[in-house]
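Visitor: Chains W and D, in that order, are what the protein sequence lines are. Counting from 1 along the first sequence, just add 93 to a position and that's the residue number in the numbering used here. Counting from 1 along the second sequence, just add 93 to a position and that's the residue number in the numbering used here. A virtual CB, placed ideally from N, CA and C, is assigned to each residue, including glycine. Dropping a structure here in structure tokens format, bear with me for questions.
2 protein chains.
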Amino acid sequence: MLAKKTQYALKALTYMAEQHSAGPFLIADIGSKKKIPIKFLESILLELKKAGILNSKKGKGGGYFFNQDPSTIQLATIMRLIEGPIALLPCVSLHFYKKCNDCNEKKCGLNKIMKEVRDNTLSILENRTVQDLV
Amino acid sequence: MLAKKTQYALKALTYMAEQHSAGPFLIADIGSKKKIPIKFLESILLELKKAGILNSKKGKGGGYFFNQDPSTIQLATIMRLIEGPIALLPCVSLHFYKKCNDCNEKKCGLNKIMKEVRDNTLSILENRTVQDLV
DNA sequence: CTTTATCCTTCAATTTCAATAGGAAAATAT
DNA sequence: ATATTTTCCTATTGAAATTGAAGGATAAAG
């Protein structure tokens, strides 16, 4: 199960992508529509901004908006950014790999199956974008 | 990423299934071979026993052994038992479903994609057994 | 120069996770 | 019987992560 933070991030992006306007969108609006605590959401959006996914404008008429076209933002990117590894085991992760100290990965049946799960999951999450959420 | 507890459970079962003998296997042996803290492993194996996956015998010559044929134990069963939900969101979980309060699940793009991930993952985890780990 | 809204740091509550301690109960061997 | 071995059970601890709040700084607009 994804952490609440990740769920919130995905929901917020979904909301933004669903709107007809390109923004900017207020934290308070996103939060009330998607039932996300404002202050928590604030930190999440800031993180997305620092990663270059979103951009923002301060003051009246300000808010958050996409810094890239939503159709270019992979869901896998968001999840790795907020959640961390997508794989189920460290020894099977592409971006957060850690060597297994109790088995030979080449021969390990668990490793093999978990890699299969990973590849299946990535084939979806790396080929769907924020645009596909609408 | 799976919790350490779940990783340990899978590793312990892998170890047991790999042996030529049918056991019983000592907690201490499994723990030292798979680098799992003994006391932690103890509670995990007990949990697997209470769920009917394993059985045990006390005293000299005792230990843990399979209560069912490893080829009948789905990996999904183990994961749900120790980890909980396999799905990435509550609103797409089959065994731990929780309704979404901020979207219409029928129309939600996030819901749709996460269901796809879930189905893909389950198609592997429900069709691979502990026996497939060797 | 007031209002609006994001930015940033700090902090706090709670929960979860990982692991340990210590002994009770059961089985076996002597 | 008694000692040894091994699982069973309860409780607790310590650390870390999660979730979220407080309060003010900064920037933009009117």
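Do we get a CB-CB distance below 8 Å when we pair Arg173/W with the residues of chain D?
Guide: False, the Cβ-Cβ gap to chain D never drops below 8 Å.
Visitor: Whole angstroms is fine: what's the gap from Ala159/W's alpha carbon to Ile171/W's?
Guide: Residue identity differs from the one stated: residue 159/W is Phe in this sequence, not Ala. Taking the straight line from one Cα to the other gives about 13 Å.
Visitor: Tell me whether the beta-carbon of Leu174/D lies closer than 8 Å to the beta-carbon of Ala144/D.
Guide: Yes; because the gap between Cβ atoms is below 8 Å, this pair is in contact.
Visitor: Using a Cβ-Cβ distance cut-off of 8 Å, determine whether Met94/W contacts chain D.
Guide: Yes, its Cβ sits closer than 8 Å to a Cβ of chain D.
Visitor: 8 Å is my cut-off, CB to CB: does Asn220/W come that close to chain D?
Guide: False, the Cβ-Cβ gap to chain D never drops below 8 Å.
Visitor: Looking only at DSSP bridge pairs, what is Ala157/D linked to?
Guide: Per the sequence shown, residue 157/D should be read as Tyr rather than Ala. Tyr157/D pairs with Phe118/D and Ser149/D.
Visitor: Kindly indicate which three-state DSSP category Gln112/W falls into: helix, strand or coil?
Guide: In this structure, Gln112/W counts as coil in the three-state DSSP scheme.
Visitor: Just to confirm my understanding: we take Pro163/D, look at its own chain, exclude 5 residues before and 5 after, and list those with CB closer than 7 Å. What are they?
Guide: Within the same chain, Pro163/D has close Cβ partners Ala110, Thr222, Val223 and Gln224.
Visitor: Just the C-alpha distance for Thr214/W and Thr214/D, rounded to the nearest angstrom, thanks.
Guide: Between Thr214/W and Thr214/D, the C-alpha separation is close to 7 Å.
Visitor: Terminal residues of the continuous alpha helix (DSSP H) containing Gly202/D?
Guide: First-last of the alpha helix (DSSP H) with Gly202/D: Gly202 to Leu218.
Visitor: For Thr170/D, go through chain W and note every residue whose CB falls closer than 9 Å to its CB, in chain order.
Guide: Within 9 Å Cβ-Cβ: nothing; Thr170/D doesn't reach chain W, min ~14 Å.
Visitor: Give the interface partners of Gly202/W over in chain D, defined as CB-CB distance under 7 Å, in chain order.
Guide: Within 7 Å Cβ-Cβ: Thr107, Asp225, Leu226 and Val227.
Visitor: Are the C-beta of Asn194/D and some C-beta of chain W separated by less than 8 Å?
Guide: Yes, contact with chain W.
Visitor: Between which two residues does the alpha helix (DSSP H) containing Leu139/W stretch?
Guide: That run of the alpha helix (DSSP H) goes Ile131 to Lys143.
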